[in-house]
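In what follows, a single structure is set out as structure tokens and then discussed.
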Amino acid sequence: MPRRIPLSPQAQAVLSAMPSRRNVLRGSLAAGAFAVAGGALAACGTKGTNGNATGAQSEGPRCTTQDLSATERKVLFSNWPEYIDEDEKNAEIRPTLVAFKAKTGIDVEYTADINDNNDFYGKIRQQLAACQTINRDIVVFTDWMAATFIRNGFAQKFSPDKVATFAKNLAPSLRGRQFDPNTEYAAPWQSGLTGIGVNTGVTKEVRTVDELLTRPDLKGKVTFLTEMHDTMGFMLLSIGKDPGNFTAADFDAALEKLKGGVSSGQIRRFTGNDYVQDLAKGDIAACIAWSGDVIQLGFDNPKIKLITPDEGMMLWSDNMLIPVTATHASNAQALIDYYYDPKVAAELAAYVNYVCPVAGAQEAMKDIDPELAENPLIFPDAAMQAKTKIFMPLTEAQEKEYQGKFQAAIGA
Amino acid sequence: MAALLPTASAGGAVSAEVPVEPPAGMRRRRWIPYALLAPGMLWLAVFFVYPVVQLFMASLWNPAGSIETGYVFDWSWSNYADAWEMFHVQFLRSLWYALITTVICLALGYPLAYAIAIKGGRWKNLMLVGVIAPFFTSYLVRTYSWKAILSDSGPVVDFLKWAHLLGPDGRLLATEFAVIAGLVYNFLPFMVLPLYASLDKLDVRLLEAARDLYHGPVRSFLRVTLPLSLPGVVAGTLLTFIPSAGDYVNANLLGGPNTQMIGSVIQSRFLVVNDYPIASALSVMLMVTILVLVTVYVSTAGTDEVV
Chain A
10 MPRRIPLSPQ AQAVLSAMPS RRNVLRGSLA AGAFAVAGGA LAACGTKGTN
60 GNATGAQSEG PRCTTQDLSA TERKVLFSNW PEYIDEDEKN AEIRPTLVAF
110 KAKTGIDVEY TADINDNNDF YGKIRQQLAA CQTINRDIVV FTDWMAATFI
160 RNGFAQKFSP DKVATFAKNL APSLRGRQFD PNTEYAAPWQ SGLTGIGVNT
210 GVTKEVRTVD ELLTRPDLKG KVTFLTEMHD TMGFMLLSIG KDPGNFTAAD
260 FDAALEKLKG GVSSGQIRRF TGNDYVQDLA KGDIAACIAW SGDVIQLGFD
310 NPKIKLITPD EGMMLWSDNM LIPVTATHAS NAQALIDYYY DPKVAAELAA
360 YVNYVCPVAG AQEAMKDIDP ELAENPLIFP DAAMQAKTKI FMPLTEAQEK
410 EYQGKFQAAI GA
Chain B
40 MAALLPTASA GGAVSAEVPV EPPAGMRRRR WIPYALLAPG MLWLAVFFVY
90 PVVQLFMASL WNPAGSIETG YVFDWSWSNY ADAWEMFHVQ FLRSLWYALI
140 TTVICLALGY PLAYAIAIKG GRWKNLMLVG VIAPFFTSYL VRTYSWKAIL
190 SDSGPVVDFL KWAHLLGPDG RLLATEFAVI AGLVYNFLPF MVLPLYASLD
240 KLDVRLLEAA RDLYHGPVRS FLRVTLPLSL PGVVAGTLLT FIPSAGDYVN
290 ANLLGGPNTQ MIGSVIQSRF LVVNDYPIAS ALSVMLMVTI LVLVTVYVST
340 AGTDEVV
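As structure tokens, then:
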């Protein structure tokens, strides 16, 4: 099975300092708040990026972009780090992309330069608003940021005839999501579950969010995520509300509960995916965690497990989107369609261990690794699916209000 | 500016009584200082003055706006009150941590710089390299390594538990101690280098003279060494205090939710919440506060008067 070779602790410490898939050390890697803000402010002035001041689904900028796909056989793909299959000997060789080139003749220029939804969106927003090229044909954003991207009119629609495999094989649970009701802008690259990661070498099993917040033996040994949608999704579940449909009052009630955990010292820290090292070392006993991370930790230490809390789990996706100014839209759609071939999807899932959004990939996985094919954290079964919730899409104003409150509650 | 202009040149002996045209060579050279200044000034204007003005303007935008709908500039001074109301805890905490960091850095850095400068001998350069070498790795990686050092199962915690200085459930990570330790470690070289620079210039014969005049070691330190090294102390404390007050990496990596500093708040307001007015107001407040503190400090600790 194509798995990463275990590293020495020193090498791992160095790697962990580098941005990894969901590193939420936003600013420290982004040249600092001042630099970023300076650029944003200078260009932003007081004019909004959204021509449509209501903030509703807008038509966005009417950019006319020529599709050069027929003459330039390439596609520029920006993704998150450690999010694609890599050859064991040479990380620059990505087997599924090599096979794509062989099949279609299209060259994929792949860059793993997305470390953070906000950072990356901030970087490309101005150019897209001005209809300028961002030199990318596919970008990958998490649901809530994909919603913003689409709302601002920055995404190109797929042509149904070019993404037939995608239309056929997209998992039913990911069709018609609220931010993309006709499934015509966003194609999930990978999905993931947010659950409770536990190091059973340090503590006994944890079943509920309430235990995380109250059990005396876990005091100061629990971390939550800085990602609001994940942490607050859990808090909403724990007060019996649906993260897919909640009110401002529900949010406030859930936040109060979280604040209790902060002030009592029960919650040690809020983290990006640097919880991975802490959980492995045993500095923390339990945490809110992303499925792919915990599965990979489990390979090295079987005592580390992802638990489905009684309240349920959060399901999110990272979505491939074609920016309006992309000049290789047809090639991009060919690539998207390619990854919805169950065999290719299984190959990818076997490497990254996130939830596979492609129907039929489970069958294909049986040939690669039967054990992974049975793993409900990669291929959620019906029981698992019934327990997952998707965070509801927020308007810009809600996003700002909720993020503001949440960030203040976690100390920042 | 006048002082920068060339007053003497090949034809500099022009007498004052005869207001003749300056020789052509001198006139041509008059613009040279300005030309030399221009790149720096332009750099400052574009990359400092303009962003600061923008930042200040943004701090007065109406907070009801957003990136998508646009912001209206309407002198919303209330942003400052709101920012203070929401984040004075982190604001004061940052200044407090920065102060402690500076004091500890001075206490650790002074003897170190003294030893290198005065007693270093032929090891001087090697010792200086020792101070600077950690800078060859990234700030972030060095801070991560502190996570390993202070980790719950690490040697420091084990030792402290063994010595009963920490309770059985005690920990260092995600506490004030870890944040300040990280700050001290990361900013210590900024203290040591200016101190070294001024102590290295110290004429040891002055110390001999002080001894000849019946000053003991303590008095000769207080009356000779310390005053002469004061420029280094002032420079070092400024170089330590200013960046540590605005730092957020240490608080983010080594601290917990109750030890966050104002840098983290500004960072998350700008990049996560997208609340530009409040974030800008906080930035301006931090800048002005540090400017005022530094001005007061430099004028009272002015190296000329303190002897």
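Each protein sequence line maps, in turn, to chains A and B.
Take the first sequence: its letters are residues 10 to 421, numbered as in my numbering.
Take the second sequence: its letters are residues 40 to 346, numbered as in my numbering.
C-beta atoms are modelled at their ideal positions from N, C-alpha and C, and glycine is treated no differently.
query: Which of the three DSSP states, helix, strand or coil, is assigned to B:GLY109?
result: If DSSP states are grouped into helix, strand and coil, B:GLY109 belongs with the strands.
query: Do A:ILE316 and A:VAL211 come within 8 Å of each other at the CB atom, strictly closer than that value?
result: No; because the gap between Cβ atoms is not below 8 Å, this pair is not in contact.
- request: For A:PRO385, name the three-state secondary structure that DSSP assigns.
  value: Coil, per DSSP.
message: So A:ASN282 contacts chain B; which residues on that side make the cut at Cβ distance below 9 Å?
response: Under the 9 Å cutoff, chain B gives no residues; its nearest Cβ is about 13 Å from A:ASN282.
query: For A:LYS398, which beta-bridge partners are listed by DSSP?
result: Answer is A:MET323.
- request: Could you please tell me which residues of the stretch 277-300 of chain B, in chain order, have their CB closer than 8 Å to any CB of chain A?
  value: Here the close residues are TYR287, VAL288, ASN291, LEU292, GLY294, GLY295, PRO296, ASN297, THR298, GLN299.
B:TRP123 classed as buried or exposed, judged by whether at least 16 other C-beta atoms fall within 10 angstroms: Around the CB of B:TRP123, fewer than 16 other CB atoms lie within 10 Å, so the residue is classed as exposed.
- prompt: If we ignore side chains and look at the alpha-carbon of each, how far apart do B:VAL312 and B:PRO72 end up?
  reply: Each residue's alpha carbon lies about 46 Å from the other.
- prompt: Taking the C-alpha atoms as reference points, what is the distance between B:PHE87 and A:VAL218?
  reply: Inter-residue distance for B:PHE87 and A:VAL218 is about 47 Å (C-alpha atoms, whole angstroms).
message: Helix, strand or coil, according to DSSP, for A:GLN199 in the structure here?
response: Note: A:GLN199 maps to strand in three-state DSSP.
task: Please confirm whether B:SER307 and A:ALA263 have their CB atoms less than 8 Å apart.
output: Contact: no.
query: Do the stretch 398-414 of chain A and the stretch 248-261 of chain A make contact, defined as three or more Cβ pairs closer than 8 Å?
result: With three or more CB-CB distances shorter than 8 Å, the stretch 398-414 of chain A counts as touching the stretch 248-261 of chain A.
message: Quick check for students: name the residue ranges of the alpha helix (DSSP H) that lie wholly in the stretch 157-213 of chain A, counting only runs of 4 or more.
response: Entirely contained in the stretch 157-213 of chain A, the alpha helix (DSSP H) runs reaching 4 residues are, in chain order, 173-178.
query: Leaving out the 5 sequence neighbours to the left and right, which residues in its chain are closer than 8 Å to A:TYR376 when beta-carbon positions are compared?
result: Note that residue 376 of chain A is Asp in the sequence shown, not Tyr. Hits under 8 Å: ALA355.
query: Taking just the CA atoms, how far does A:LYS228 sit from A:LYS213?
result: Cα-Cα distance, rounded: 14 Å.
task: Tell me whether B:PRO228 is buried or exposed, calling it buried when 16 or more other Cβ atoms sit within 10 Å of its Cβ.
output: Label assigned to B:PRO228: buried.
- request: Examine chain B for any beta-carbon lying closer than 8 Å to the beta-carbon of A:PHE279, and answer yes or no.
  value: So, interface residue.
field: As assigned by DSSP and simplified to three states, the class of A:TYR348
entry: Assignment of A:TYR348 by DSSP, reduced to helix, strand and coil, places it in the helix class.
field: Test: A:GLY206 CB closer than 8 Å to a CB of chain B
entry: Chain B places no beta carbon closer than 8 Å to that of A:GLY206, leaving this residue out of the contacts.
message: Please tell me whether B:PHE309 and B:THR141 are closer than 8 Å, where the distance is taken between their beta carbons.
response: Taking 8 Å as the Cβ cut-off, B:PHE309 and B:THR141 do not qualify as a contacting pair.
field: Residue ranges of each beta strand (DSSP E) within the stretch 275-333 of chain A, 3 or longer
entry: If we require 3 residues or more, the beta strand (DSSP E) runs fully inside the stretch 275-333 of chain A come out as 276-280, 295-299, 313-316, 322-330.
Option nearest A:ARG82 by Cα separation, candidates A:THR120, A:SER326, A:ILE115, A:GLN342: Nearest to A:ARG82 by C-alpha distance, out of A:THR120, A:SER326, A:ILE115, A:GLN342, is A:ILE115.
query: Between A:ASP287 and the rest of its own chain, which residues show a CB-CB distance below 6 Å, the 5 nearest in sequence each way excluded?
result: Contacts found: ILE293.
- prompt: To the nearest angstrom, how far is it from the Cα of A:LYS110 to the Cα of A:ASP94?
  reply: Using only the alpha carbons, I get a separation of about 15 Å.
message: Here's the rule I'm using: 16 or more other beta-carbon atoms within 10 Å means buried, otherwise exposed. How should A:GLU265 be labelled?
response: Under this definition A:GLU265 is an exposed residue.
query: Who are the neighbours of A:LYS112 on chain B, taking C-beta pairs under 7 Å?
result: Contact annotation for A:LYS112 against chain B: no contact, minimum CB-CB distance about 40 Å [criterion: below 7 Å].
task: Measuring only between beta-carbons, confirm whether B:ALA213 sits less than 8 Å from chain A.
output: Closer than 8 Å: yes.
task: Could I get the ranges of all uninterrupted beta strand (DSSP E) runs contained in the stretch 71-124 of chain A, with 3 residues as the minimum, in chain order?
output: Listed in chain order, they are 83-87, 116-120.
query: Assuming A:THR232 contacts A:ARG277 under a Cβ cut-off of 8 Å, what Cβ separation, rounded to an integer in Å, is found between them?
result: Indeed, because the Cβ distance is near 6 Å, the residues count as touching under 8 Å.
query: Any beta-carbon of chain A closer than 8 Å to the one on B:ILE329?
result: Not one beta carbon of chain A lies nearer than 8 Å to the beta carbon of B:ILE329.
query: With a CB to CB cut of under 7 Å and the five nearest residues on each side skipped, what residues in its chain are close to A:GLY274?
result: So the list reads LYS228, GLY229, once near-sequence residues are dropped.
query: Closest by CA to A:ALA79, which one among A:ALA417, A:ASN362, A:ALA156, A:ALA341?
result: If we check each option's Cα against that of A:ALA79, A:ALA341 comes out closest.
- request: Can you pull the chain A residues whose beta carbon is under 7 Å from the beta carbon of B:ASP314, in chain order?
  value: When 7 Å is used as the limit between beta carbons, B:ASP314 is near these residues of chain A: LYS409, GLY413, in chain order.
query: chain B partners of A:ALA406, CB-CB under 8 Å?
result: Neighbours of A:ALA406 across chain B, judged by C-beta separation under 8 Å: SER105.
query: A:ILE2 by DSSP, collapsed to three states: which one?
result: The requested residue 2 of chain A does not occur in the structure, where chain A is confined to residues 10 to 421.
message: Does A:ASP251 come out as helix, strand or coil in the three-state DSSP assignment?
response: In the three-state scheme derived from DSSP, where H, G and I count as helix and E and B as strand, A:ASP251 is classed as strand.
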